[in-house]
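Okay, so the sequence shown: first residue is -13 according to the working numbering, each after it adds one.
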Amino acid sequence: MAVSSANDQDATKQGRLCGLIDEIVPELRRFATDSNVNQELADNRVSKTMIASVAQYLYELGLTADCERLAKEYKGFLFALTDVGLCHAANEMSSEERAALELSFTLPAPEADAAKHAKALADLRLLAIGKASLLLKFLSELKPSLESQPHSDTDGFVFARDGDGFGIEALGERGRLSFGRKAAYSLLTAFLAYVTGEALATFFYLRGDLDPVSIWVLEETDSGSTIQFDPIIGKRLSKTPTRLACIATNGVVETIGRVLGNNHGFPDRDDLTPRKTDFNTRRFIVFGDSFTAAQYLQINWPDRCEDLAASAGRSVELPNLSVDGGGLVNWWRTLREFVRDDYQLDGVIFAIYGNDLQRPFAIWDDQVVRLAPDGTRMIAVGTVWREPFPRALEEARPFFFGMPRGQVHPTETFDRMLKGEARPRDGRTGLYFAQHVWRKTPSIQDLEGYVVRTARPGRKFISREIRDYLEARRLPALVVAVPTIECLLGGPDRNDDSRAFAQSIGAQFVDGARAFEGLTEADIRASWLPYDSHWGQPGSDRFAKFISEVLSGWPEA
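Printed below as a string of structure tokens:
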């Protein structure tokens, strides 16, 4: 029965795999015949998630050679698309901006030789179409070969039945097993043990008890929108408060906070005015990501810093212009198009975590609906890799996707989750032990790592613009590296990128890991959320105390 069940599972996977191929092939065929090849067109038609699902089914069916071939063809397709997209972006840039873009191909300047530029773009388009055709050919040939594969009832195990019973040879009075029969019997025993263990582990894995992960849950209310798309900042927060919680799949409530904006829609408890409250107040605007916006906590570190300074008799304002999921592009656009010369400032602080400097323009809107396969509404986020950036929500809609571990639930369900009466699900699929093998498959890692490798368009250009802004206004800048928990627990220092950015804009660099010096491993873990990679209130408060001490002597007179 166990062997038959495993065979049925393979047949089911094969059917789903053929269905995915049926969805992808028509879109690829239309793409391969479209003269207006660009990155957005490919993102809309050919889902990376669908390709990754095809690779997963191939691997689970034992078709590793096909899995590796898919990874190779898909990467070639994506690399060609990236060159086309960069060529489109470069078409609108000056020669200096194109040099800063660090293109991987030679592109004639349109103002110097329009014909050569048009030919270069046409050649890149043909290359992308050719790569799409190769991927299309592979998938088109793959489906018939899958449908023609027979499935035996025993999944490849063949046993002989003779007079002494199942799989037993009559070898004299002792009726001993032959070596071949022993091997087959051992394999069958191991297989049945694996199936039993896999079934139990997978049951608890799908429930969320085994390897629990964090889900960000946003409350859906009837009081209107809270998170609204903004073409400059990426998102603005209304004054309509909405609860936000981080809840693990095993039911543990890690933290609960409130999403609420100030008069300009930033995650700050204080409204932002052009002029400082008084002449003696020092005002430093702060750019960061979710560690600095931190509305999942009761108070974020910039607000706590202001309180600590006040208790020490110092007047400090830290307007928090951070964007969850945002990074360098969001900060640059906010500085250039919102702050400009409209606000009295004494300096600028960049709180950098992880890959903030590599991120594209991040956008949010809670009125955009994206659904998970099980029908759960997902938090809608988006990324825009290059200019022109969308100017209105309708232009931005194609860039939105569902946050993989972010969900929107009505108040009733939200309250039930807080009470432990319901749990968020992360849409897990597949077998528990098989998933661990899957994660270590090189071809799959290649697919998942592609976006990280290509996420640095225009970095030098943006850094130079920020430096020019600071120098023109004689503003000092501070770059603070927000540490990861892995770094604090003995992992490698990954601050080289932050140090290089500080140097490129003429800023002072501070390693935020110093805030946690002297703590035990238990103290460090207690400073972070139990399962999520964000720090909790203790970690944020300790960081605030450290930054408050830094600011007491910065900038030097």
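Glycine included, C-beta positions come from ideal geometry on N, C-alpha and C.
| request: Could you have a look at K225 and say whether DSSP puts it in helix, strand or coil? | output: coil
| task | Taking G368 as part of the alpha helix (DSSP H), name the residues at either end of that continuous run. | result | Per DSSP, G368 belongs to no alpha helix (DSSP H); it is in the beta strand (DSSP E), R363 to V370.
| message | Tell me the rounded alpha-carbon separation between D257 and D401. | response | 30 Å
| What residues are listed by DSSP as bridge partners for Q494? | L464
| field | In DSSP terms, what P198 is bridged to | value | None; P198 has no bridge partner.
| Per-residue burial, F252 [other beta carbons within 10 Å of its own, 16 or more giving buried] | buried
| Nearest CA to the CA of G340: which residue from R480, C53, L47 and S39? | R480
| request: Would you decide whether K221 is buried or exposed? Buried here means 16 or more other CB atoms lie within 10 Å of its CB. | output: buried
| query | Nearest-angstrom Cα distance between D8 and V355? | reply | 26 Å
| Which partner residues of C232 appear in the DSSP bridge assignment? | W202 and T241
| Exposed or buried, which one is S519 when buried takes at least 16 other CB atoms within 10 Å? | S519 is classed as exposed because its beta carbon has fewer than 16 other beta carbons within 10 Å across all chains shown.
| query | In three-state DSSP terms, what is L331? | reply | coil
| request: Name the one or two DSSP bridge partners that F375 has. | output: Answer is none; F375 lacks a bridge partner.
| said: DSSP three-state label for A348, please. | reply: strand
| A170 to A(-3), Cα distance in whole Å? | Note on geometry: alpha-carbon atoms of A170 and A(-3) lie some 24 Å from one another.
| field | Beta-bridge pairing of I271 - partner residues as DSSP gives them | value | V334
| said: DSSP three-state label for L87, please. | reply: Because L87 carries a pLDDT of 48, less than 50, the predicted location of this residue cannot be relied on, and the following value inherits that uncertainty. In this structure, L87 counts as helix in the three-state DSSP scheme.
| request: Please work out which residues of its chain come closer than 6 Å, Cβ to Cβ, to C44, disregarding the five sequence neighbours upstream and downstream, and give them in chain order. | output: Going by the sequence as given, residue 44 is Leu instead of Cys. Residues D52 and C53 of the same chain have their beta carbon placed closer than 6 Å to that of L44, with the five preceding and five following residues left out of the count.
| task | Please determine, among A279, Q353 and G361, the residue with the shortest C-alpha to C-alpha distance to E380. | result | Q353
| Taking the alpha helix (DSSP H) that R290 falls in, what are its first and last residues? | W287 to S297
| said: For T212, count the other beta carbons within 10 Å of its own beta carbon; 16 or more makes it buried, fewer makes it exposed. Which is it? | reply: Looking at its Cβ environment, which holds 16 or more other Cβ atoms inside 10 Å, T212 is buried.
| message | Less than 9 Å between the C-beta atoms of V370 and A378, yes or no? | response | No, the Cβ-Cβ distance between V370 and A378 is not below 9 Å.
| Cα separation between F145 and Y180? | Only weak support exists for where F145 lies, its pLDDT of 32 falling under 50; the value from the coordinates is given anyway. Computed Cα separation, rounded: 20 Å.
| task | Select from V465, L357, L113 and P469 the residue whose C-alpha is nearest the C-alpha of A486. | result | V465
| Which residues DSSP lists as bridging H395, in chain order | E205
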